[in-house]
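A.B. asks:
In this note's numbering, the protein residues as written are 5 to 152.
Set out below in structure tokens:
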């Protein structure tokens with residue numbers, strides 16, 4: 005983590021990007037280190053959000069490499085059922101990408117959205133909103149800790 009923090013905002017961006025892919029570590033540690041180190045908290049929010057969002061969109065596009073036909077072939081689900089599910093997903097489920105900021109399952113949500121062919125603009129918007137909210141909350145948590 006020390007290497008990321010030595011790079012300042014660029015390190016925060018890179019760390020946040022990698023944390024949103026399948027690389028297993030927490031960008032919150034880097035974020036907190038930066039804020040406690042005296043960097044501007046709101047700039048950290050925007051930089052971390054941008055990096056984490058782009059990392060999540062990378063996972064989304066990796067998911068798009070998958071083929072829906074694999075579900076039919078390997079899991080023996082009928083095409084009609086898949087089509088029904090996809091219709092409901094596109095109508096009601098894309099907002100679920102908002103929760104791609106969650107630890108452990110966030111990467112899977114982004115990849116699944118790509119695999120299920122979620123609309124890129126809906127994915128981008130919901131993912132950006134979720135990741136922004138995450139870092140705003142984390143900024144306020146850090147602020148409360150600094151007050152103690």
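Don't be surprised by glycine CBs; every beta carbon is placed ideally from N, CA and C.
Here's the rule: buried if 16 or more other CB atoms are within 10 angstroms of the residue's CB, otherwise exposed. What is residue 115?
C.D. replies: As a working mapping, residue 115 is identified with position 111 in the chain shown. Buried is the call here.
A.B. asks: Measure the Cβ-Cβ separation of residue 118 and residue 64 and say whether it is below 8 Å.
C.D. replies: Counted from its first residue, the chain shown places residue 118 at position 114. Counted from its first residue, the chain shown places residue 64 at position 60. It is a contact, given that the beta carbons lie within the stated cut-off.
A.B. asks: Give the C-beta separation of residue 35 and residue 48 to the nearest angstrom, bearing in mind that I take them to be a contact with Cβ-Cβ under 8 Å.
C.D. replies: For the purposes of this step, residue 35 is identified with residue 31 of the chain shown, where counting begins at 1. For the purposes of this step, residue 48 is identified with residue 44 of the chain shown, where counting begins at 1. Going by Cβ atoms, the distance from residue 35 to residue 48 rounds to 6 Å, so yes, they are a contact pair.
A.B. asks: Rounded to whole angstroms, what's the CA-CA distance from residue 126 to residue 135? Just pull it up for me.
C.D. replies: By one-based count along the chain shown, residue 126 stands at place 122. By one-based count along the chain shown, residue 135 stands at place 131. So the alpha carbons of these two residues sit roughly 14 Å apart.
A.B. asks: For the region 77 to 94 and the region 49 to 63, state whether three or more C-beta atom pairs, one from each stretch, are separated by less than 8 Å.
C.D. replies: no
A.B. asks: So for residue 70, helix, strand or coil by DSSP?
C.D. replies: Translated into positions along the chain shown, residue 70 becomes position 66. Secondary structure of residue 70 (DSSP, three-state): coil.
A.B. asks: Quick one: Cα of residue 77 to Cα of residue 108, how far?
C.D. replies: Reading the chain shown from its first residue, position 73 is the one you call residue 77. Reading the chain shown from its first residue, position 104 is the one you call residue 108. Approximately 28 Å, taken between the alpha carbons.
A.B. asks: What are the start and end residues of each continuous alpha helix (DSSP H) run of 4 or more residues lying completely inside the region 38 to 68, in chain order?
C.D. replies: 45 to 67
A.B. asks: Please specify which runs of the beta strand (DSSP E), each continuous and at least 3 residues long, are wholly inside the region 66 to 111, giving them in chain order.
C.D. replies: none
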